[in-house]
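Enquirer: Letter by letter, the sequence shown follows residues 652 to 767 in the working numbering. No residue lacks a Cβ here, since even glycine has one placed at the ideal position from N, Cα and C. For clarity, every value in this text was computed on a predicted model and none was experimentally measured. Here it is, the structure, as structure tokens.
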Amino acid sequence: MSTAEQIKSRLDITDVVQSYIKLQKAGANFKANCPFHNEKTPSFFVSPARQSWHCFGCSRGGDMFSFVMEIEGVDFLESLKILADRAGVEVEKIDKNRQNERLRLLQLMDEAVKLE
Numbered sequence: 652m653s654t655a656e657q658i659k660s661r662l663d664i665t666d667v668v669q670s671y672i673k674l675q676k677a678g679a680n681f682k683a684n685c686p687f688h689n690e691k692t693p694s695f696f697v698s699p700a701r702q703s704w705h706c707f708g709c710s711r712g713g714d715m716f717s718f719v720m721e722i723e724g725v726d727f728l729e730s731l732k733i734l735a736d737r738a739g740v741e742v743e744k745i746d747k748n749r750q751n752e753r754l755r756l757l758q759l760m761d762e763a764v765k766l767e
């Protein structure tokens with residue numbers, strides 16, 4: 652199981668979002684004023700069933716990682732670290748040699764496709 656999958660299995664998006672903004676129950680979902688743009692009526696919704704969020708006002712949306720990226724102004728890796736810490740999941744260290752080897756293999760595959 653990947654680090655992201657472990658985090659998703661331990662955290663609920665509602666709890667993650669609610670740690671940043673106040674949510675109100677709206678049927679099976681939750682709603683709030685969007686933290687990413689000014690509005691008077693709530694158009695920001697969190698779906699626990701789908702583990703996703705969406706704002707109908709600014710058309711942003713995604714999962715818990717994208718929410719933390721947006722609200723904290725960080726990249727995916729930093730979002731992963733923030734949520735991993737909260738979930739008690741250890742982030743796997745990336746072996747630079749393996750990463751370079753993988754990138755080289757992808758480049759070789761791209762070159763092979765061009766030869767056809």
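I need the straight-line Cα distance from THR665 to LEU731, nearest angstrom please.
Expert: The sequence position of residue 665 within the sequence shown is 14, counting from 1. The sequence position of residue 731 within the sequence shown is 80, counting from 1. Straight-line Cα distance between these residues: approximately 17 Å.
Enquirer: Write down the C-beta distance between VAL742 and VAL667 rounded to the nearest angstrom, noting that I regard them as a contact closer than 8 Å.
Expert: Locating residue 742 in the sequence shown gives position 91, where the first residue counts as 1. Locating residue 667 in the sequence shown gives position 16, where the first residue counts as 1. Not a contact, Cβ separation roughly 17 Å.
Enquirer: The alpha helix (DSSP H) spanning GLN657 covers which residue range?
Expert: Position 6 of the sequence shown, counted from the start, is the residue given in the question as residue 657. Counting along the chain, the alpha helix (DSSP H) containing GLN657 begins and ends at 654–661.
Enquirer: Select from ASP726, LYS682, GLU723 the residue whose C-alpha is nearest the C-alpha of SER703.
Expert: In the sequence shown, residue 703 corresponds to position 52, counting from 1. With distances taken between Cα atoms, SER703 lies closest to LYS682.
Enquirer: Hey, how far is the Cα of LYS691 from the Cα of LEU766?
Expert: As a first step, residue 691 is located in the sequence shown; it is residue number 40 there, counting from the start. As a first step, residue 766 is located in the sequence shown; it is residue number 115 there, counting from the start. Distance between the alpha carbons of LYS691 and LEU766: 57 Å.
Enquirer: From this set, GLY678, MET760, MET715, SER694, which residue's C-alpha is nearest SER670's C-alpha?
Expert: On the sequence shown, position 19 is the one that residue 670 refers to. Per the Cα distances, MET715.
Enquirer: Measure the CB-CB distance between VAL697 and LEU728 and report whether it falls below 8 Å.
Expert: For the purposes of this step, residue 697 is taken as residue 46 along the sequence shown, with counting starting at 1. For the purposes of this step, residue 728 is taken as residue 77 along the sequence shown, with counting starting at 1. No, these two residues do not count as a Cβ contact at 8 Å.
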